[in-house]
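**Student:** Residue numbers for the sequence shown follow the UniProt record's numbering, beginning at 1 and rising by one. Take this structure, written in structure tokens, and hold onto it; I'll ask about it next.
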Amino acid sequence: MESLADRAYLVTGGGTGIGAATALHLAALGASVTVIGRREEPLKKIADEVRRQGGDALAHTADVRDPAAVEAAVDAAMDRFGRIDGLVNNAAGNFVTPAEKLSPNGWRAVVDIVLNGTWNCTSAVARRMIETNRPGSIVSVIATYAWTGHPGTVHSAAAKAGVVAMTRTLAVEWARYDIRLNCVAPGPTETEGAGSALWAEQEDRDRVLASVPLRRFAGAAEVGDLIGLLLSDRAAYITGTTLTADGGQSLGAQIYGPPLETNGASPSPR
Ligand SMILES: CCCCCCCCCCC/C=C/C(=O)SCCNC(=O)CCNC(=O)[C@H](O)C(C)(C)COP(=O)(O)OP(=O)(O)OC[C@H]1O[C@@H](n2cnc3c(N)ncnc32)[C@H](O)[C@@H]1OP(=O)(O)O
Ligand SMILES: NC(=O)C1=CN([C@@H]2O[C@H](COP(=O)(O)OP(=O)(O)OC[C@H]3O[C@@H](n4cnc5c(N)ncnc54)[C@H](OP(=O)(O)O)[C@@H]3O)[C@@H](O)[C@H]2O)C=CC1
């Protein structure tokens, strides 16, 4: 595993789930991390954990929908660590609802967090990289329904597709600054946020598992590991792409293959 010593990263939604696992992974590789989110408590918990393990972390509250709050968070990270080498756009909001029942405000809440929030953070961080003449790597966490679509998630699917288009566009536009942009598309991943928003009932979990050929949820840590790979110099020639890690889910159910029943079994995530 490549050392990220002396590097400094920002992780939005870094207090829980995939964001927290990513922050801990980056810190374990020697990087400093700034974790951003709306609630102070989970951010402080992760920052404290990083420090307990000998790393350095800053917890900064900000709503990614608010460009001024994002600017302040990026300034705080620059003041504290003197550099920014990368960003993980991980913050998201989601809930399952029939599209015809989705209110204008429900649409706006999810699209604002996922699409506008990603732009607010990406533009604020990239401007610092360009001003300081430093290369950088930006990874956005999306979902495979950005291209497959998925009933019940029209707001999130549309916003994540926008993030893919943003990533591809900026990968070309900012290549001259040596700023790389990529996406990671995890499949169903065992986190509290997704668990309560998307598969709260055992019946829902079973249906999700039945759609995954590898028959298990991803673990947040294994997604964080892939994000770390794309941030690192091992991925120096990778830009504008999406790394899918979904246990085969987006390939779709096949007609001739293993039975789709899970018999209620919920294999543990890695
Ligand atoms: C079917 C799914 C299985 C598919 C399997 C595919 C593979 C997996 C792919 C999974 C991909 C993505 C996963 C994730 O993104 S998981 C992340 C989940 N984490 C969170 O959602 C945490 C953050 N969430 C939030 O902050 C909130 O949930 C919210 C997004 C709503 C934003 O909060 P905010 O405080 O800003 O907003 P409000 O509470 O004021 O609500 C705004 C409007 O939205 C309406 N709303 C809220 N919840 C629901 C709901 N459950 N159903 C319908 N409408 C909802 C709310 O009523 C407000 O609208 P109105 O003012 O009109 O009432
Ligand atoms: N878990 C899964 O199955 C999958 C998840 N993903 C994606 O992975 C990412 C992480 O999801 P996951 O870890 O499961 O979920 P979580 O709910 O644990 O993470 C979401 C994080 O985003 C933060 N957040 C939400 N809204 C805002 C906001 N407006 N401003 C700042 N921070 C915000 C939350 O903190 P706070 O509430 O304190 O602001 C929380 O820490 C998301 O992008 C999600 O779409 C993709 C595919 C599958």
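Just so you know, even glycine gets a beta-carbon here, dropped at the ideal spot from N, CA and C.
Taking only the alpha-carbon atoms, compute the straight-line gap between I18 and T191 and give it to the nearest angstrom.
**Tutor:** Their backbone Cα atoms lie some 7 Å apart in a straight line.
**Student:** Quick one: is the Cβ of V110 within less than 6 Å of any heavy atom of ligand 3?
**Tutor:** Only ligand 1 and ligand 2 can be found as ligands here, which leaves ligand 3 out of the picture.
**Student:** Can you tell me whether S32 sits near ligand 1, meaning its C-beta is under 6 Å from at least one heavy atom of the ligand?
**Tutor:** Result no, Cβ not under 6 Å from ligand 1.
**Student:** Can you check whether the CB of L26 is closer than 7 Å to the CB of V35?
**Tutor:** Not in contact: V35 and L26 (Cβ atoms no closer than 7 Å).
**Student:** Is it right to say L214 is buried, meaning 16 or more other beta carbons lie within 10 angstroms of its own, or is it exposed?
**Tutor:** It is exposed - the Cβ of L214 has fewer than 16 other Cβ atoms within 10 Å.
**Student:** Hey, how far is the Cα of A171 from the Cα of V212?
**Tutor:** The straight-line gap from Cα to Cα measures roughly 30 Å.
**Student:** Which class does R270 belong to by DSSP, given the choice of helix, strand or coil?
**Tutor:** Three-state result, R270: coil.
**Student:** What is the rounded straight-line gap between the Cα of A157 and the Cα of R108?
**Tutor:** Answer to the nearest angstrom: the Cα atoms are 13 Å apart.
**Student:** Identify the residues that DSSP records as bridge partners of L10: which are they?
**Tutor:** Per DSSP, T34, L87.
**Student:** Give the straight-line distance between the Cα atoms of V139 and L231, rounded to the nearest whole angstrom.
**Tutor:** Computed Cα separation, rounded: 7 Å.
**Student:** Less than 8 Å between C-beta atoms, sequence neighbours within five positions excluded: which residues of the same chain meet that for V163?
**Tutor:** If we look at V163 and ignore the five residues flanking it on each side, its Cβ neighbours are N89, V114, L115, T118, S140, I142, A146, C183.
**Student:** Does the beta-carbon distance from G195 to G247 come in below 7 Å?
**Tutor:** Going by C-beta atoms, G195 is not nearer than 7 Å to G247.
**Student:** E100 to V154, Cα distance in whole Å?
**Tutor:** Taking the straight line joining both Cα atoms gives about 10 Å.
**Student:** Please list the terminal residues of the continuous beta strand (DSSP E) segment that includes V163.
**Tutor:** No beta strand (DSSP E) contains V163, which is instead part of the alpha helix (DSSP H) from 154-173.
**Student:** Mapping DSSP to helix, strand and coil, what is N105?
**Tutor:** Three-state DSSP puts N105 in a helix.
**Student:** Report the three-state DSSP secondary structure of I142 (helix, strand or coil).
**Tutor:** In this structure, I142 counts as coil in the three-state DSSP scheme.
**Student:** Is it true that the CB of A221 sits closer than 7 Å to the CB of A21?
**Tutor:** Going by C-beta atoms, A21 is nearer than 7 Å to A221.
**Student:** Taking the C-alpha atoms as reference points, what is the distance between R7 and R270?
**Tutor:** Taking the straight line from one Cα to the other gives about 27 Å.
**Student:** Give me the Cβ distance between V110 and A159, rounded to the nearest whole Å; I'm assuming they're in contact under 8 Å.
**Tutor:** Yes, V110 and A159 are in contact; Cβ-Cβ is about 6 Å, under 8 Å.
**Student:** In chain order, what residues of the same chain lie with their CB nearer than 8 Å to the CB of N263, ignoring the 5 residues before and after it?
**Tutor:** Note on N263: pLDDT 49, under 50, position unreliable in the model; no value is reported.
**Student:** Please determine, among R205, K45, G55, the residue with the shortest C-alpha to C-alpha distance to T61.
**Tutor:** Nearest option by C-alpha distance: K45.
**Student:** Is V74 near V125, with beta carbons less than 7 Å apart?
**Tutor:** The answer is yes: Cβ separation under 7 Å.
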